[in-house]
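Written below as structure tokens is the structure these notes are about.
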Amino acid sequence: MAHTIHVDIVSPEGQLFSGEASMVFVPAREGELGIAPRHAPLLTTLKAGEVRVQSGGEEHDFFVGGGTIEIQPYAVTVLADTAVRAHDLDEAAAIEAKKRAEDAIRERTDKLELAEAQSELVRAAAQLRAIERLRKKR
Amino acid sequence: MAGAKEIRGKISSIKNTQKITKAMEMVAASKMRRAQDRMRAARPYTQKIRQVMSHLRIANPEYKHPFLIERPARAIGVILIGTDRGLCGSLNINLFKAALALVKDAQAKGQTVKFCPIGTKAVQFFRRLSGIELVATASHLGDRPRTADLIGPVKVMLDAYREGKIDRLVLLHNVFVNTMSQKSTLSQLLPVEAAPDPQLQKHWDFIYEPNPAELLDGILMRYVESQVYQGAVENVACEMAARMVAMKSASDNAGKLIGDLQLIYNKARQAAITKELSEIVGGAAAV
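For the record, the sequence lines run as chains A and C.
In terms of the working numbering, the first sequence is residues 1 to 138.
In terms of the working numbering, the second sequence is residues 1001 to 1287.
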């Protein structure tokens, strides 16, 4: 019986992680999802948030800005729209982005821009939450 | 010294050409490196999404998305990715040859072909041909193609597929093998091709969250876009590599030509000097 599951995290900018894990946590559309080896096949979308990969006592943190996930009993594939290692997150940039998005929503120009600003706001807020959590852990 | 002056003029004009081809070669070399990095970075995502889609095709869902169902092919849609600029060897020509072979093959089977050329050179080529329907075009993607520029033509093709105007969607593009060789490659986008995977169980299906219709629509769209994007990025790397090689051989040829002309020039000059000398000697002897 397999005790690990193969995890691949890719985004259009490149591959971030490829390796075995004992447990993976992802921000699925319907809520946080914990994936252990031999999980049932599942296909769903991801919200902006943290992907945590536990392998061999280590924990790798990533931040994804939405995407798709495929789960097979032996493998997890995260197809992120954008992704960075959580350590590389830039707090100042996230705060700046959040402020910019809030300004855009206040001015409320047209519908398309509003939708863009709202999704930007969600992403920035999720990034800040991830940074906060990471800081507590240290 | 009749011919010497003209030969000198020729040499200097070839030298100027050589300067240009050398500069183009160096520009292409540096752009190629960046294009290659981009291409390599995008590859894992493209391959993974393709793999996930092929799993989808093998799954046994209750809901069948039109993009996953095989239909008898009466009309084929082709997205062809060429370059915007010329002077890149036989890169475009080989691609167009492959396209024409595909058209001939399809017409023999009684299928119609609809094209969506991307890149100025490809658009120009297919405009001139008669009997080929162009559904959409895109050009001026630049050295750094963006997904946003490709969404338009891709959407046209997807809509055509949904409405049954085309029953198959293929991508014809150049694959970067190495600097010296680029291969024109045909890959099927829709319906999604199944790739058997021994690790998968026999009879299974995904759990879809939320409902399959909405989820699959988004993912399949993203899948086609990512494949076309990869094709475009790869094409830039191919273009730069092909241009670099073409310009290198042009510079080399110019060098050879200059060498030959220099020889002829030297001979002509020497002949003139010898003639003058013998005239002087002849004149002195007469006195």
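Cβ coordinates follow ideal geometry from the N, Cα and C atoms, glycine included.
Open item on the list: Here's a check: name, in chain order, each residue in its chain whose Cβ is nearer than 6 Å to the Cβ of C/S1187, leaving out the five neighbours to either side.
Closed with: Closer than 6 Å at the Cβ level, and outside the excluded window around C/S1187, lie L1171.
TODO: Counting only the same chain and skipping the five closest in sequence on each side, list residues whose C-beta sits under 8 Å from that of A/A28.
DONE: Leaving aside the five residues that flank A/A28 on each side, the residues in its chain whose CB is nearer than 8 Å to its CB run, in chain order, T44, T45, L46, K47, I69.
Open item on the list: Which residue wins for smallest C-alpha separation from A/A101, given the options A/E91, A/L89, A/A92, A/A115?
Closed with: Among A/E91, A/L89, A/A92, A/A115, the Cα nearest to that of A/A101 belongs to A/A115.
Task: Start-end ranges of the alpha helix (DSSP H) lying completely within the stretch 1043 to 1118 of chain C, minimum 4 residues - done: Segments of the alpha helix (DSSP H) lying fully in the stretch 1043 to 1118 of chain C: 1091 to 1108.
Task: Chain-ordered residues of the stretch 27 to 42 of chain A with a beta carbon less than 8 Å from chain C - done: Going along the stretch 27 to 42 of chain A in chain order, one finds A28, R29, E30, A40, P41, L42 with a Cβ nearer than 8 Å to chain C.
Open item on the list: So, at 7 Å on beta carbons, what are the nonlocal neighbours of C/M1180 in its own chain, with the 5 sequence-adjacent residues on each side left out?
Closed with: Cβ neighbours of C/M1180 beyond the five flanking positions: V1245.
Task: Proximity below 9 Å, CB of C/G1077 to CB of C/C1116 - done: Closer than 9 Å, so yes.
Open item on the list: Between the alpha carbons of C/R1098 and C/S1184, how many angstroms are there, rounded?
Closed with: Checking the displayed sequence, the identity of residue 1098 of chain C turns out to be Ala instead of Arg. C/A1098 and C/S1184 have their alpha carbons spaced roughly 7 Å apart.
Open item on the list: Spatial neighbours of A/G14 within its chain, please: C-beta separation below 7 Å, excluding the five flanking residues on both sides.
Closed with: So the list is empty, once near-sequence residues are dropped.
Task: Same chain, Cβ closer than 8 Å to C/F1125, five either side skipped, listed in chain order - done: Cβ neighbours of C/F1125 beyond the five flanking positions: G1082, N1092, F1096, P1117.
Open item on the list: Using a Cβ-Cβ cutoff of 7 Å, what residues of the stretch 54 to 71 of chain A are near chain C? List them in chain order.
Closed with: Result list: T68, E70.
TODO: Note down, in chain order, every chain C residue with its Cβ under 7 Å from the Cβ of A/L134.
DONE: Within 7 Å Cβ-Cβ: nothing; A/L134 doesn't reach chain C, min ~25 Å.
- [ ] Give the residues of chain C in contact with A/V84, contact being defined as C-beta atoms less than 9 Å apart.
- [x] Ordered by position in chain C, no residue passes the 9 Å Cβ test against A/V84, which lies about 14 Å from the chain.
Open item on the list: In whole angstroms, give me the CA-to-CA distance for A/A21 and A/R38.
Closed with: Distance between the alpha carbons of A/A21 and A/R38 is about 12 Å.
Task: Nearest residue (CA-CA) to C/N1060, options A/D110, A/F62, A/P41, A/S55 - done: Restricting attention to A/D110, A/F62, A/P41, A/S55, the CA atom closest to the CA of C/N1060 is found in A/P41.
Task: Neighbour flag for A/L79 against chain C, beta carbons, 9 Å - done: With 9 Å as the cut-off, A/L79 counts as an interface residue toward chain C.
Task: 8 Å contact criterion, which A/K98 and A/A125 should meet: CB distance rounded - done: A/A125 and A/K98 do touch by the CB rule: their CB atoms are close to 6 Å apart, below 8 Å.
Task: Whole-angstrom C-beta distance between C/Y1208 and C/L1215, which should lie under 8 Å - done: About 5 Å; that satisfies the 8 Å criterion.
- [ ] Would you mind reading off the limits of the alpha helix (DSSP H) that contains C/I1151?
- [x] For C/I1151, the enclosing alpha helix (DSSP H) covers residues 1147 to 1162.
Task: Limits of the beta strand (DSSP E) - the one that A/G19 falls within - done: 14 to 21 is the span of the beta strand (DSSP E), which, as asked, contains A/G19.
Open item on the list: Can you check whether the C-beta of A/S11 is within less than 9 Å of a C-beta belonging to chain C?
Closed with: Any Cβ of chain C closer than 9 Å to the Cβ of A/S11 would place that residue at the interface, and such an atom is present.
Open item on the list: DSSP has A/R52 in a bridge; who is on the other side?
Closed with: Answer by DSSP bridge pairing, in chain order: A/F25, A/D61.
Task: Closer than 8 Å at the beta carbon, the chain A residues around C/L1215 - done: The answer, in chain order, is L43, T44, T45.
Open item on the list: Going by the DSSP bridge assignment, what does A/A75 pair with across the sheet?
Closed with: Partner residues in the beta bridge of A/A75, as assigned by DSSP, are A/H6, A/Q72.
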